[in-house]
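Peer 1: Attaching a single structure in structure tokens format; questions to follow.
4 protein chains.
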Amino acid sequence: MGNSLGTRFVVTSFGESHGRCVGVVVDGCPAGLPIGLDEIQAEVDRRKPQSSAGGTGRREEDRVEVLSGILNGTSTGAPICMLAWNKDADSSAYGEIVNVPRPGHADYTAFLKYGKYTDFRGGGRFSGRITAGFVMAGAIARKLLALSGVEIIAHTLQVGDIKANPHPADITRKNVDRNAVKCADPVAARKMIRLIQSVQKEADSIGGIVEVLALNVPGGLGEPVFDTLEGELVKAFFAIPAARGVEFGSGFTAAAMKGSQHNDLFSMRDKKLVTLTNHAGGVSGGLSNGMPIVARVAFKPTASIGKSQKTVNIETGKRVDLSVKGRHDSCIVPRAAPVVEAMMAVVLCDFALRAGITGRIIK
Amino acid sequence: MGNSLGTRFVVTSFGESHGRCVGVVVDGCPAGLPIGLDEIQAEVDRRKPQSSAGGTGRREEDRVEVLSGILNGTSTGAPICMLAWNKDADSSAYGEIVNVPRPGHADYTAFLKYGKYTDFRGGGRFSGRITAGFVMAGAIARKLLALSGVEIIAHTLQVGDIKANPHPADITRKNVDRNAVKCADPVAARKMIRLIQSVQKEADSIGGIVEVLALNVPGGLGEPVFDTLEGELVKAFFAIPAARGVEFGSGFTAAAMKGSQHNDLFSMRDKKLVTLTNHAGGVSGGLSNGMPIVARVAFKPTASIGKSQKTVNIETGKRVDLSVKGRHDSCIVPRAAPVVEAMMAVVLCDFALRAGITGRIIK
Amino acid sequence: MGNSLGTRFVVTSFGESHGRCVGVVVDGCPAGLPIGLDEIQAEVDRRKPQSSAGGTGRREEDRVEVLSGILNGTSTGAPICMLAWNKDADSSAYGEIVNVPRPGHADYTAFLKYGKYTDFRGGGRFSGRITAGFVMAGAIARKLLALSGVEIIAHTLQVGDIKANPHPADITRKNVDRNAVKCADPVAARKMIRLIQSVQKEADSIGGIVEVLALNVPGGLGEPVFDTLEGELVKAFFAIPAARGVEFGSGFTAAAMKGSQHNDLFSMRDKKLVTLTNHAGGVSGGLSNGMPIVARVAFKPTASIGKSQKTVNIETGKRVDLSVKGRHDSCIVPRAAPVVEAMMAVVLCDFALRAGITGRIIK
Amino acid sequence: MGNSLGTRFVVTSFGESHGRCVGVVVDGCPAGLPIGLDEIQAEVDRRKPQSSAGGTGRREEDRVEVLSGILNGTSTGAPICMLAWNKDADSSAYGEIVNVPRPGHADYTAFLKYGKYTDFRGGGRFSGRITAGFVMAGAIARKLLALSGVEIIAHTLQVGDIKANPHPADITRKNVDRNAVKCADPVAARKMIRLIQSVQKEADSIGGIVEVLALNVPGGLGEPVFDTLEGELVKAFFAIPAARGVEFGSGFTAAAMKGSQHNDLFSMRDKKLVTLTNHAGGVSGGLSNGMPIVARVAFKPTASIGKSQKTVNIETGKRVDLSVKGRHDSCIVPRAAPVVEAMMAVVLCDFALRAGITGRIIK
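Chains as they are written, first to last, in the numbering used here: chain A, 2 to 364; chain B, 2 to 364; chain C, 2 to 364; chain D, 2 to 364.
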């Protein structure tokens, strides 16, 4: 268990990095949603590696196929199974992982849980490749949410020590898609690309931060005290490999703030209650408050690096110097952005349906 | 829905801040666990407000009663219902909240979801008081985990801009309980107390950070790809009012690190695989790796402050200057620490039982 | 786990037969439902033993208390905790059960699962007394459903070999409550009472069948292929101790029918599609079809009988002649009827909320 | 939602009768289970239509493909996605269903829930064809349970008014597979076949009853009070189209029995507690008691019949005489037997894993 997410819009993940395919079953999409294969494909394409941004050399075509649940371009209410066949898998480099766990990887913990039966090829279930399925599910969720006017946009906020400082108005899909690092600040974007290229030359990798915004979210979404809006979102974000931290609104900086600084004051704008600031990041008491939802997800540097690292052979107990071969992203942050977006969509969609906003979404 | 947490060790919360009681039902505790009422009471007592640390003036006796599931000091396998009756509730100050939402509070979002039927008295379901029930559940979970040698300890790492820097060996329950702010660094603790007292005089409040450690956790706990160990932990932490961010291990600082710095190298110690550093915070691939689990939770400053703040009357649309009356903590961080501890226990217990470690826990 | 039912209207049961109380937490009731304590009490009172119908001699007062979730006679959207304190418990007769399991009882299986830690007093969690909590939950669900015009009525269809044959128009709560066996056919009722009294004199017990109808149920309720309307209903019915079989519409007699006999033909009545017969029992393809839902639940005779029965001492392996003491119902069927009604209400309410009919139910 | 079953061994169904495929994702199979594609195929083949038993004329090849979760003939612990591509689908006969619902079918209720977007082709999600996926999941579950010695066998007990009376020792897979109706009583089998053929000639259909036995089930499986062993089993059985009733052990006949007749007396056999009779059908208090689990599932006659039936055009409101075209089974009971078997396996497997019997099942 553990491979299904959601209660009302249920996403079940399957597939392995170097298996036959990666895919997903989406259960709970109301009947009547118009959704084209091209729309799903377009979302998945945004997750493609960009060689200029240190992306893997793998040719990941990721042609999405819909196996069920969509008929004549419209959802039928039945579970939607989607997948992409794996074509370009080279598993030759994964032979010795069983006994020699790679530092920073899930090899060792996978061994603890699944033993030698783990599918280690290409990271198996622990590979970022699994998130292609998440993005397929996210494409359905986005389309549903769009009917209520909800928009979601993720952008790269930081790579290494390069921090973007985009003008809020510049945080658009169009701008984000203009560069290889999904950054809404073009100056920072260039610096990030240079940093990633330099790190790549060192056979090393680098971390970063993705910020995600959700606009026009109806107020009152969330199911406290345990199924809070933040709680379900962070859980979904932590399904993305390499996520190490998540914060909302003022986040960790709130720790050093006073109540009189942090409290968002209320005001009326166009006969609607708004807050003058958004330290809450759009969520209060575990419920959306109608302001933009703002979350940040910190990603660690990719574990796979060419540099030699010390590890141990589990069987013999002997020290080993390991240099990870194979083709890897030296910075996964730009590719993680569309996945963060997808998870936001999936969770919001689940809460919208739990709140009975179905009817409003679909005629 | 939304008031139950867990799949195998299921915690259901009920009660309101100024209702008859706050309580919890724990379903899934195996039969045969020896658990005394005094042990549960002792955990709940650790959550009591400390007046020297800016705690509320309320006299919260919180006498725990066990209504079911424990017979002759031993769990029977039946659901354990526990509660504390509310005795000292003064709801007089909560009359006008319906129309005049307090800045930083959940009043407005509660209104969006539950309308005027919301129990606003004392914050109702959104009050930190609800967490007394979480701690009762945590007491059961701690006892179960203790049978496997698992230890959990939370401590205040930061209050406002005061950061603790405790020696790892000093992070013990005994030390943490020695001061009113649950801080393992006595020098920082004194500064924190002074800061809180100064903030309190200003009728203001202050935020902070709690760190939690779990030691001797068996490897392989977690159910990726969605029910990751981190994912379920963060979800549980976000059930604590005022939580704004969570990170594991190196957390947000990982964003600026290289793979060669961040990857924890493997080594053998006492014939056991360990890592030389713990940037992963004890979790890799969503699974525990046997090293200490390290998480940090950022809390915003308490929303309730005596200082005058601008808000709006929802009905009339007119501006209102609001000064929140009633008795409130000016820093909830020290009281949040035992709750963070409880949530860690509850989630680890759920995963241990999911992994079939039941048998090992209880004969 | 296993003590919670439902996904959107979640009922969590707690308490033991001879513990401090029996109770329930209902999570998911929308805010704004007017519900009086007297209404809940009235439902629970219908479950009281009737001495003329072989009811237990126990004086079960079952005064319901609401601990949370209802304020000023209206639901707040918070979990509703309700319970009845146990007053008249005599556990003296349950001393030796641990080693000498009673035939037909759950003593032995409880021992297999929970060992000697089981709360055997009065049957503990396996007692019919637990269903008092189900009825409390059912009272909330009934009230919610009533807002949509849904009516539910259960009646005793059979006791031993006495079969009722009520005129459909006579199946009303009023008629059912007119006799001690909850039978809508007064002639059969008298025979049933005589049979029960005769069985009681023999220190024996007798089984029976309860039929339940749900009227005005909106069409399309259910979530196939697994969460079918029938599937969730039967699961709920089997939570009632002594249930051995469930059927819908033509049920087991459908096995001997041809399609041309069984298929319900469609027709228009008042511009609404109806079926001319109701062999389907109101459910087709796991979904309600707008016709009355008709289900029958078969109950075995009460296991507790005064007659001497052969069993075995688990510890010594020796044969024992056991005559169960204590006060027991010689026919639980009449008392099961209100519980069957409650379970129908709980499940329909869950599906109505899953279908987003919340909005229609509550302002 | 509603297309996933189980908590620990989670089966997610997808696919449509005339879509691209029917399939299933099994999440929760422990790593290390040896399972050959041929073993899964063999189970699915048992569900094939037998023309001599009134089976559909469709050539259903149902070649199973495993897309994930099994590597080198062994489960890896990852979700197992399996499917069969649909090859021989003729949807031409399903054009007018949208407006003219077929009596006895789910067309109308599907329309109520999913509107005109329903995939009506071949019954879509409501087709018995979906159960091919259930059988794939059952094949995994059977293999897991076999490691604990659990055996499951379903057989046709009744077709129309022909009742089988097999000698208990004759209820074996071998015997059951010997005839086209999966009946363990060869004399009754011949009569059943003749009855089905006669019904088929009349362009009609006939119902029946399947009995299923589970042997060597460990005691104590089940999670009362709501997740009873019976409750989860019946829910699973009702996912099979055409199921109308389920009973355990003495079932509906228990209604007419006295406690002194029904109670199963305990005895010791080979130092193990057994019951002298098995009226309980192996389940007491919602928990397995170690005796054979015995359940019976009643199936209504197939709704699709060639005979002319009255129905209504929803749009025009006019009466229509409908004769269902296409190729259909005139008795689905023999094909339902392997599905009932599969559902029993799936549910028992879920409970075994919930009880932590994982370790015992898989090294």
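C-beta atoms are modelled at their ideal positions from N, C-alpha and C, and glycine is treated no differently. Every value quoted in this text rests on a predicted model; they were computed, and no experiment measured them.
Once DSSP output is grouped into helix, strand and coil, what is the label at D:Arg195?
Peer 2: Looking at D:Arg195 - three-state DSSP - the assignment turns out to be helix.
Peer 1: Pull up the distance between the alpha-carbon of B:Asp322 and that of B:Gly3, whole angstroms please.
Peer 2: In a straight line, the C-alpha of B:Asp322 is about 34 Å away from that of B:Gly3.
Peer 1: Check whether chain B comes within 9 Å of D:Ile141, counting only Cβ atoms and requiring the distance to be less than that.
Peer 2: False, the Cβ-Cβ gap to chain B never drops below 9 Å.
Peer 1: Taking the straight line between their C-alpha atoms, what separation do you get for B:Asp162 and A:Leu266?
Peer 2: For B:Asp162 and A:Leu266, the distance between alpha carbons rounds to 23 Å.
Peer 1: Cα-Cα, which of C:Glu62, C:Pro167, C:Gln198 and C:Gly24 is closest to C:Ala138?
Peer 2: When each option's Cα is compared against that of C:Ala138, the closest is C:Gly24.
Peer 1: For the alpha helix (DSSP H) holding D:Asp351, just list the boundary residues, first then last.
Peer 2: Element bounds for D:Asp351: Val334 to Arg355.
Peer 1: Is D:Glu233 helix, strand or coil by DSSP?
Peer 2: D:Glu233 falls in the helix class under three-state DSSP.
Peer 1: How would you call D:Thr372, buried or exposed, if buried means at least 16 neighbouring beta carbons within 10 angstroms?
Peer 2: Residue 372 of chain D falls outside the range modelled here, since chain D spans only 2 to 364, and no answer is possible.
Peer 1: From A:Pro1 to A:Thr278, what distance separates their C-alpha atoms?
Peer 2: Residue 1 of chain A lies beyond the stretch modelled for chain A, which goes from 2 to 364, so this question has no answer here.
Peer 1: Taking all protein chains shown into account, do 16 or more other C-beta atoms lie within 10 angstroms of the C-beta of A:Glu248, making it buried, or fewer, making it exposed?
Peer 2: So A:Glu248 ends up on the buried side.
Peer 1: Within 10 angstroms of the Cβ of C:Asn217, are there 16 or more other Cβ atoms? Answer buried if so, exposed if not.
Peer 2: It counts as exposed.
Peer 1: Which of the three DSSP states, helix, strand or coil, is assigned to D:Gln310?
Peer 2: Looking at D:Gln310 - three-state DSSP - the assignment turns out to be strand.
Peer 1: Using the beta-carbon count (16 or more within 10 Å), is A:Asn166 buried or exposed?
Peer 2: Flag for A:Asn166 reads exposed.
Peer 1: Beta-carbon of D:Gly7 versus every beta-carbon of chain B: anything under 9 Å?
Peer 2: Not one chain B Cβ lies under 9 Å of D:Gly7.
Peer 1: At a CB distance below 9 Å, what residues from the region 32-52 of chain C approach chain B? Give them in sequence order.
Peer 2: Within the region 32-52 of chain C, the residues whose Cβ lies closer than 9 Å to some Cβ of chain B are Ala32, Gly33 and Leu34, listed in chain order.
Peer 1: For C:Ser52, which of helix, strand or coil comes out of DSSP?
Peer 2: It is helical.
Peer 1: Does DSSP put C:Arg47 in a helix, a strand or coil?
Peer 2: Three-state DSSP puts C:Arg47 in coil, outside helix and strand.
Peer 1: Would a check of beta-carbon distances place D:Arg21 closer than 9 Å to chain A?
Peer 2: Answer yes: the Cβ-Cβ gap between D:Arg21 and chain A drops below 9 Å somewhere.
Peer 1: Identify whether D:Thr157 lies in helix, strand or coil by the three-state DSSP scheme.
Peer 2: DSSP places D:Thr157 in strand when its eight states are reduced to three.
Peer 1: Should B:Pro35 be labelled buried (16 or more other beta-carbon atoms within 10 Å of its own) or exposed?
Peer 2: When all chains shown are included, B:Pro35 counts as exposed.
Peer 1: Hey, quick one: how far does the beta strand (DSSP E) through D:Asp108 stretch, first residue to last?
Peer 2: That residue, D:Asp108, is in no beta strand (DSSP E); its alpha helix (DSSP H) goes Asp108 to Tyr115.
Peer 1: In angstroms with no decimal places, state the Cα-to-Cα distance between A:Leu222 and A:Leu230.
Peer 2: So the two alpha carbons sit approximately 7 Å from each other.
Peer 1: Where does the unbroken alpha helix (DSSP H) through A:Leu146 begin, and where does it stop?
Peer 2: Where A:Leu146 is concerned, the enclosing alpha helix (DSSP H) stretches over Thr132 to Ala147.
Peer 1: Would you say B:Asn4 faces chain C, with C-beta separation under 9 Å as the test?
Peer 2: Closer than 9 Å to some Cβ of chain C, the Cβ of B:Asn4 qualifies, so yes.
Peer 1: Using a cut-off of 9 Å between C-beta atoms, extract the partners of D:Glu316 located in chain C.
Peer 2: The contacting residues do not exist; D:Glu316 stays about 11 Å from chain C at best.
Peer 1: Go ahead and pull the three-state DSSP assignment for C:Pro35.
Peer 2: Looking at C:Pro35 - three-state DSSP - the assignment turns out to be strand.
Peer 1: Grab the span of the alpha helix (DSSP H) containing A:Arg174 for me, first residue to last.
Peer 2: Looking at the DSSP string, the run of the alpha helix (DSSP H) that includes A:Arg174 is Arg174 to Val177.
Peer 1: Is there at least one Cβ from chain D nearer than 9 Å to A:Asp63's Cβ?
Peer 2: No, no contact with chain D.
Peer 1: Does DSSP put B:Thr254 in a helix, in a strand, or in coil?
Peer 2: If DSSP states are grouped into helix, strand and coil, B:Thr254 belongs with the helices.
Peer 1: Counting only C-beta atoms, is C:Leu354 closer than 9 Å to chain A at any point?
Peer 2: Yes, because at least one Cβ of chain A sits closer than 9 Å to the Cβ of C:Leu354.
Peer 1: Could you give the distance in angstroms between the alpha-carbon of C:Ala185 and the alpha-carbon of A:Val12?
Peer 2: Roughly 48 Å separates the two Cα atoms.
Peer 1: Taking 8 Å as the cut-off, does the CB of D:Gly291 come closer than this to any heavy atom belonging to the ligand ADP?
Peer 2: This structure does not include the ligand ADP; it has no bound ligands of any sort.
Peer 1: Please state whether DSSP places D:Ile363 in a helix, a strand or coil.
Peer 2: Because the pLDDT at D:Ile363 is just 47, under 50, the model does not fix this residue reliably, and the value given afterwards should be weighed accordingly. Residue state, collapsed to three classes: coil.
Peer 1: Are A:Cys332 and A:Ile141 close, meaning C-beta to C-beta below 9 Å?
Peer 2: No, Cβ-Cβ distance for A:Cys332 and A:Ile141 is not below 9 Å.
Peer 1: Under the three-state reduction of DSSP, which class applies to D:Asp271: helix, strand or coil?
Peer 2: Three-state result, D:Asp271: coil.
Peer 1: Under 9 Å, Cβ to Cβ, is there at least one residue of chain C near A:Ile358?
Peer 2: Closer than 9 Å to some Cβ of chain C, the Cβ of A:Ile358 qualifies, so yes.
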